[in-house]
Amino acid sequence: MNNEAVLIKDLTKWYGSFQALYGVDLTVQKGEILGFLGPNGAGKTTTIRCMLDQIRPTSGSIRLLGLNPQQQPTAVQERVGYLPGELHLEGSMRVDALLGYLQELRGNQISPDYFQDLVERLELDTARKIKNLSSGNKQKIGVVQALMHQPELLILDEPTSGLDPLMQQEVYRLLREAQSRGATVFFSSHILSEVEALADRVAIIRKGEIVEESTPGQLIEMALRRVVISFQEPTDVSPLEDIEGVKVLSRGADSQATLQVEGHMDQLIKALAEYPVKDLQTASHSLEEIFLKYYRDQTQEEN
Amino acid sequence: MFVEFKHTLRRYTGQILGWGIGLALLGVLLISVYDSLADQMELYQEMIQSMPENMMAFFGGQDVMATPEGFVAMEFFSYMPLILGIFAVQAGSGLLARDEEEGTLDLIMAHPISRTGLFLGRLLAFLLALAAILVLAWLGIVVPMNWSTMSLSLIEVARPFVSLYAVLIFFGSLGLLLSLVLPSRRWASLTTGLVLVAGFFIDGFAELNENLESIARLTPLNYYQHLEAFEGLKAEWLVGLFAVSLLFTGLAWWRYSRRDIRVAGEGGWKLTSLNPFSSSS
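Same order as they appear, the protein sequences are chains A and B.
Take 39 as the starting number for the first sequence in this note's numbering and just add one per residue.
Take 36 as the starting number for the second sequence in this note's numbering and just add one per residue.
In structure tokens:
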């Protein structure tokens, strides 16, 4: 049985003479939460809009829940909940009227209890006119409409944008609950702590290409670490450079050395057993630093 | 499709009532003016005769202006394509492009409605809204006729409205097509509005200058019947207008079902996409 909720192969997209996507390959398993990261203009929204048949890929293929969104758009849309990155709503409508209209578009296949639960948990005032709402409250409408039909696949572009920290936590809970019901969540975000906390897996897109795909833990584990070692006496640390992934960055005058370690620490720690180590400090990298590394790489390339 | 039809029609409610009641009141006013003129018909005919012949030719000639149908044609139907044309052009060009430019289309299209369903739902709502405005305007003329000296039948008054409907659909569908081809909705409105205004004056001046007749034949308003419609409609003109509108609508659907949906604030399309047959890459 097909277990991929999202299967993207060699997706390219040209806008006139500008190429936005250069062969994106991405797979998301059913029941998984994937965090989709990338700097502005990297191709996140273009990828998402191709997935939803709002724009047409130049080449490549997309399958959502085994369906081709270009050939069976309504079948896909029935099973997908989508929250756009820049949510624009008809300001003259009341919240309940808009949500009622969107429910009608879904054939009123909505559980009233679940809908009410969403409205209450997100503290959404449905009697107000949309134009009078703050951006955070508008975002709540976006979250409610994406979740209300309990879709099998959620595609969310910056889902907590504009929400206060309490509401962000509530959205995380809702997404985890959706996952526990078997839903797949594909979300893009700039809030890296949220990706780190929520995602089972992370895909980083840069300049229209997926440059990294891994679990947040693996990414952190494989990242560069900075290790500061204090020795009991002046020590020659050059032999440590023979260890794969280790580079000596500096040798301090006060019997201290700073190393850069790529990958696992195991070999280095074993080697240090031979040395008169007084203290050892490692700076563990957050996902944010890893993301910034990719971002810096891009900036350097551009320069 | 029906949900979208209902939703779009609900959005048109204000415009239907605004335009419809406004035109109906104009009709009531015209009938009461006609009645007061009828009491002094000789003076009115003298006034008509004193007007420049060339000017009156613009409205169909001096002889017919003193008749009830001539009066209604001159005072109401002669300029109605320009007035209601504003609604038709705005509504046609904004049918899809307005929501697209405002960014609200993204969310709707993520719901289970096909592009064709969305297109047809909105188009049918537009056609019905236009018809509703014209029906209200028609009522504004025929209802006060019950206590007026103007003696025109319901059908006679309805005929120029049918011709007007065909012309307005023409401009609405042209606006719709151009909104899906040109860089922005504004460009589509401006271009369609230009065709409307230019056509109105070319067609009017062709009554005065025979040299303009060949050009006037190319304007859609040449096939709009106001005064003549009271006698009967030319079926071939009506069919022609509806057929061209259908062609524009078909091309608009074809373009919409294939092209990318813009993101709000993205700006206009590049000039490369001016070609309606180019597929968006």
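Beta carbons are placed, not taken as given, at the ideal position from N, Cα and C, and that holds for glycine.
Q. Name the chain B residues that come within less than 8 Å of arginine 144 (chain A), Cβ to Cβ?
A. As a first step, residue 144 (chain A) is located in the first sequence; it is residue number 106 there, counting from the start. Result: His146, Pro147.
Q.
For chain A, check one thing: does any of its Cβ atoms lie closer than 7 Å to the Cβ of glutamate 135 (chain B)?
A. By 1-based counting over the second sequence, the position of residue 135 (chain B) is 100. For glutamate 135 (chain B), the answer is no, since every Cβ of chain A falls outside 7 Å of its Cβ.
Q: Specify, as a first and last residue, the run of the beta strand (DSSP E) that alanine 241 (chain A) falls within.
A: The sequence position of residue 241 (chain A) within the first sequence is 203, counting from 1. Counting along the chain, the beta strand (DSSP E) containing alanine 241 (chain A) begins and ends at 239 to 244.
Q.
Taking 7 Å as the threshold (beta carbon to beta carbon), is proline 122 (chain A) in contact with chain B?
A. If you number the first sequence from 1, residue 122 (chain A) lands on position 84. In terms of beta-carbon proximity, proline 122 (chain A) lines the interface with chain B, with at least one pair separated by less than 7 Å.
**Q.** Supposed contact pair glycine 98 (chain A) and leucine 49 (chain A) - C-beta distance, whole angstroms, cut 8 Å
**A.** For the purposes of this step, residue 49 (chain A) is taken as the residue at position 11 of the first sequence. For the purposes of this step, residue 98 (chain A) is taken as the residue at position 60 of the first sequence. With a Cβ gap of about 4 Å, leucine 49 (chain A) and glycine 98 (chain A) count as contacting.
Q) How about valine 38 (chain B): is its C-beta nearer than 7 Å to some C-beta of chain A? A) Walking along the second sequence from the start, residue 38 (chain B) turns up at place 3. It does; some Cβ of chain A falls within 7 Å.
Q) glutamate 404 (chain A) CB to nearest chain B CB: under 7 Å? A) Only positions 39 to 341 of chain A appear in this structure, which leaves residue 404 (chain A) out of reach.
Q: Ignore the nearest five residues each way along the sequence and tell me which others in serine 149 (chain B)'s own chain have a CB closer than 6 Å to its CB.
A: Against the second sequence, residue 149 (chain B) aligns to sequence position 114. Excluding sequence neighbours, serine 149 (chain B) sits near nothing in its chain.
Q. Of all the CB atoms in chain B, is at least one closer than 7 Å to the CB of glutamate 128 (chain A)?
A. Looking up residue 128 (chain A) in the first sequence gives position 90. By this cut-off, glutamate 128 (chain A) is an interface position.
Q) Along chain A, which residues have their Cβ under 8 Å away from the Cβ of leucine 142 (chain B)? A) Residue 142 (chain B) sits at position 107 when you count from the first residue of the second sequence. In chain order: Tyr120, Pro122, Leu125, His126, Leu127, Leu140, Gly180, Gln183.
Q: Find out if the Cβ-Cβ distance for the pair alanine 101 (chain B), leucine 262 (chain B) is shorter than 7 Å.
A: As a position in the second sequence, residue 101 (chain B) is number 66, starting the count at 1. As a position in the second sequence, residue 262 (chain B) is number 227, starting the count at 1. 7 Å or more divides the Cβ of alanine 101 (chain B) from the Cβ of leucine 262 (chain B).
Q) Do we get a CB-CB distance below 7 Å when we pair glutamine 115 (chain A) with the residues of chain B? A) Taking the first residue of the first sequence as position 1, residue 115 (chain A) is located at position 77. Yes - at least one Cβ of chain B is within 7 Å of the one on glutamine 115 (chain A).
Q.
Based on DSSP bridge pairs, tell me the residues matched to phenylalanine 225 (chain A).
A. Your numbering for residue 225 (chain A) matches position 187 in the first sequence. A:Gly73, A:Leu194.
Q) What's the gap between the Cα of threonine 48 (chain B) and the Cα of alanine 123 (chain B)? A) By 1-based counting over the second sequence, the position of residue 48 (chain B) is 13. By 1-based counting over the second sequence, the position of residue 123 (chain B) is 88. Those two C-alpha atoms are separated by around 15 Å.
**Q.** Chain-ordered residues of the region 47 to 65 of chain A with a beta carbon less than 7 Å from chain B
**A.** Trp52, Tyr53, Gly54
Q) Got a sec? Which residues, its chain only, sit under 8 Å from glutamine 260 (chain B) by beta carbon, not counting five neighbours each side? A) The residue labelled residue 260 (chain B) in the question sits at position 225 within the second sequence. Cβ neighbours of glutamine 260 (chain B) beyond the five flanking positions: Arg194, Pro195, Ser198, Leu268, Lys269, Trp272.
Q: Can you check the region 151 to 214 of chain B for any alpha helix (DSSP H) of at least 4 residues that lies completely inside it and give the ranges in chain order?
A: Restricted to the region 151 to 214 of chain B, the alpha helix (DSSP H) segments that are unbroken, complete and at least 4 residues in length are 189 to 214, listed in chain order.
Q. Using 7 Å as the limit for Cβ to Cβ distance, is leucine 191 (chain A) near chain B?
A. Numbered from 1 along the first sequence, position 153 holds the residue referred to as residue 191 (chain A). No, leucine 191 (chain A) does not count as interfacial toward chain B.
Q: Could you tell me which chain B residues have their CB closer than 7 Å to the CB of proline 111 (chain A), listed as they occur along the chain?
A: In the first sequence, counting from the first residue as 1, residue 111 (chain A) sits at position 73. Per Cβ cutoff of 7 Å: Ser149.
**Q.** Nearest candidate by alpha-carbon position, reference aspartate 302 (chain A), set A:Ser288, A:Gly283, A:Val223, A:Asn41
**A.** Numbered from its first residue, the first sequence carries residue 302 (chain A) at position 264. Going by the sequence as given, residue 302 (chain A) is histidine instead of aspartate. Checking every option, the nearest Cα to that of histidine 302 (chain A) belongs to A:Gly283.
Q: Return the residue from the list A:Pro95, A:Phe224, A:Val62, A:Leu318 that minimises the CA-CA distance to glycine 54 (chain A).
A: Residue numbering aside, residue 54 (chain A) sits at position 16 when the first sequence is read from its first letter. Selected option, being the one with the closest Cα: A:Pro95.
Q. Does the separation of the CB atoms of phenylalanine 132 (chain B) and serine 67 (chain B) fall below 7 Å?
A. Here residue 132 (chain B) refers to the residue found at position 97 of the second sequence. Here residue 67 (chain B) refers to the residue found at position 32 of the second sequence. The residue you asked about is not phenylalanine; residue 132 (chain B) is alanine in the sequence shown. Taking 7 Å as the cut-off, the Cβ atoms of alanine 132 (chain B) and serine 67 (chain B) do not count as close.
Q) Going by the beta-carbon positions, is the gap between leucine 211 (chain B) and alanine 287 (chain B) smaller than 7 Å? A) For the purposes of this step, residue 211 (chain B) is taken as the residue at position 176 of the second sequence. For the purposes of this step, residue 287 (chain B) is taken as the residue at position 252 of the second sequence. Closer than 7 Å, so yes.
Q) For the region 305 to 322 of chain A, which residues have a beta carbon sitting closer than 7 Å to at least one beta carbon of chain B? A) none
**Q.** the region 157 to 173 of chain A: positions lying closer than 9 Å to chain B by Cβ
**A.** none
Q: Counting only the same chain and skipping the five closest in sequence on each side, list residues whose C-beta sits under 6 Å from that of tryptophan 52 (chain A).
A: The residue you call residue 52 (chain A) lines up with position 14 of the first sequence. Excluding residues within five positions, the ones whose Cβ falls inside 6 Å are Thr96.
**Q.** CB contact below 7 Å: leucine 90 (chain A) versus chain D
**A.** Looking at the structure shown, chain D is missing, and the protein chains on hand are A and B.
Q: Helix, strand or coil for glutamine 109 (chain A), going by three-state DSSP, please let me know.
A: Within the first sequence, residue 109 (chain A) is the residue found at index 71, counting from 1. Coil.
Q.
Check whether chain A comes within 7 Å of threonine 48 (chain B), counting only Cβ atoms and requiring the distance to be less than that.
A. As a position in the second sequence, residue 48 (chain B) is number 13, starting the count at 1. Closer than 7 Å to the CB of threonine 48 (chain B) there is not a single CB belonging to chain A.
**Q.** Cross-chain neighbours of threonine 139 (chain B) in chain A, by beta carbon under 8 Å
**A.** Taking the second sequence and counting its residues from 1, one reaches residue 139 (chain B) at position 104. Here the neighbours are His126, Leu127, Glu128.
Q: Work out the CA separation of proline 218 (chain B) and glycine 302 (chain B) for me, nearest whole Å.
A: Within the second sequence, the letter at position 267 stands for residue 302 (chain B). Within the second sequence, the letter at position 183 stands for residue 218 (chain B). Legend: pLDDT at glycine 302 (chain B) = 48, less than 50; position of this residue unreliable, no value from coordinates given.
Q | Terminal residues of the beta strand (DSSP E) in which proline 249 (chain A) lies | A | Within the first sequence, numbered from 1, the residue matching residue 249 (chain A) stands at position 211. Sequence inspection shows valine at residue 249 (chain A); the proline mentioned does not correspond to that position. Here the beta strand (DSSP E) through valine 249 (chain A) covers 247 to 252.
Q) Looking at C-beta atoms only, is the number of pairs between the region 172 to 188 of chain B and the region 166 to 181 of chain A that lie closer than 8 Å three or more? A) Flag = no, the region 172 to 188 of chain B and the region 166 to 181 of chain A do not touch.
**Q.** Residue-chain proximity (histidine 42 (chain B), chain A), Cβ-Cβ < 7 Å
**A.** Numbered from its first residue, the second sequence carries residue 42 (chain B) at position 7. So yes, histidine 42 (chain B) belongs to the interface.
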